[in-house]
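Okay, so here's the structure we're looking at.
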Amino acid sequence: MGTALIGSILIASLVTNFQKAVITDPALAAIAPELAAQAEHNANFVSVAEVTLAAEAAGLSDAEVAAITTQYAEAQITALKSAFAAIALFALLALWYVQKLPAMAVGEPPEATVSHPAASG
């Protein structure tokens, strides 16, 4: 379950950040709505090189390819940071929860207390 949850956070963050970047980038103004829609419906975590090749294969201009590549790379880094932050948060929550676990197994006798004789002086 943890892998699926972190993967979902990663993909959601990637798509959201990429869409925001594409919509606000003036170099992509002509294709921004279509690109943002495609990112939402075809959300995959791929390498920056694959994004560059796909943009070139789509017949986009060199400036558009460069802008898409840059925006995707930045969105990818932000998504990874978000996923790692979620992992750290879950780890901290787990540490807090582990403190509440019992110290001995069910049915195990408690440890005998050791009495120390009083020091005579």
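Numbering (this note's numbering), first residue to last: 0 to 120. Backbone N, C-alpha and C define an ideal beta-carbon position, used for all residues, glycine too.
Considering only the alpha carbon of each residue, which of A85, A26 and L13 lies closest to V45? L13
Using a threshold of 8 angstroms, state whether the C-beta atoms of L27 and A87 are closer than that. no
What are the uninterrupted segments assigned as alpha helix (DSSP H) that are 4 or more residues long and contained completely in the region 63-101, given in chain order? none
Beta carbon of E39, beta carbon of Q18: below 8 angstroms? yes
Just the C-alpha distance for A31 and A20, rounded to the nearest angstrom, thanks. 9 angstroms
If contacts are defined as beta-carbon pairs under 8 angstroms, then T77 and N16 qualify, I think. What distance do you get, rounded to the angstrom? 5 angstroms
Can you tell me the Cα-Cα spacing of G6 and P108, whole angstroms? 43 angstroms
Kindly list the residues whose CB is nearer than 6 angstroms to the CB of A54, restricted to its own chain and excluding five residues on each side of it in sequence; keep chain order. V64 and I67
Output the distance between the C-alpha atoms of A35 and K80, rounded to the nearest integer angstrom. 21 angstroms
With a 10 Å radius around its C-beta and 16 neighbouring C-beta atoms as the bar for buried, classify V50 as buried or exposed. buried
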